[in-house]
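Take a look at the structure below.
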Amino acid sequence: IRKKGLDAVPQASMPLFTRPQSTFLGSASQVEAYVYALARFEPKPAQFPRAGGKRKTDAPRSPLTAREMLDRCEQALPLPDLMQWLLEQEPEGATDELLYWFSRLSRDARFQRDRLERREYLTREHQVSLSSFALLANANG
Numbered sequence: 694i695r696k697k698g699l700d701a702v703p704q705a706s707m708p709l710f711t712r713p714q715s716t717f718l719g720s721a722s723q724v725e726a727y728v729y730a731l732a733r734f735e736p737k738p739a740q741f742p743r744a745g746g747k748r749k750t751d752a753p754r755s756p757l758t759a760r761e762m763l764d765r766c767e768q769a770l771p772l773p774d775l776m777q778w779l780l781e782q783e784p785e786g787a788t789d790e791l792l793y794w795f796s797r798l799s800r801d802a803r804f805q806r807d808r809l810e811r812r813e814y815l816t817r818e819h820q821v822s823l824s825s826f827a828l829l830a831n832a833n834g
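The opening position of the sequence shown corresponds to residue 694 in the working numbering, with each subsequent residue numbered one higher.
As C-alpha cells, this is what we get:
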C-alpha cells in the first residue's frame, strides 16, 4: 500500500521534529560544569531547633467545645453584656471565633436575652461594632 511514494503506516503520517541536542542541555562546557557540580555536591546539614530552647508561645490550647462554652456561660449568669464577657474569657481569641461564640451563645434556648445598644468592642485584631445582649437564665428552663 503505497501512495505517492510513502508507506501507509502510522509513523509516516506523524512528522518527526528534531532539535539539536545543544538546545536541550546547553553547550558542552555548561554540561561539563553541571556534572562537575553534581559530583562535588554536599548537602547542607539540617538545622533543627535546640531541644532546650524557650518556646515563643505557650502550648496551644485546644478549642473549646460548644458544651464547655455553654456551661461556662450558664455558670456566669446573669451576664450584663455577652460580648464583653466573651472578650474577658478569650482575650487572645481571634475575631471570627469570638463572633462565632457570640452568635452561638446568643441564640441558645437556655438563655433569655435582652438586646443592648450598639457599641464598639476591641478584639485583639479588630474593632467590632454590634448590639450585644444581656443574658439571663431562661424562666422555662
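All C-beta atoms, glycine included, are put in the ideal place defined by N, C-alpha and C.
What number of angstroms, rounded off, separates the C-alpha of H819 from the C-alpha of D807? 25 angstroms
Quick check on this structure: which residue in R765, L828, M776, L829 has the alpha carbon closest to the alpha carbon of E813? M776
Whole-angstrom distance between L779 and Y793, CA atom to CA atom: 11 angstroms
Along the chain, where does the alpha helix (DSSP H) containing F795 start, and where does it finish? 788 to 799
Within 10 angstroms of its Cβ, does S822 collect 16 or more other Cβ (buried), or is it exposed? exposed
In the DSSP assignment, find the unbroken alpha helix (DSSP H) run with E781 in it and report its ends. 775 to 782
Option nearest F826 by Cα separation, candidates Q805, T816, Y727: Q805
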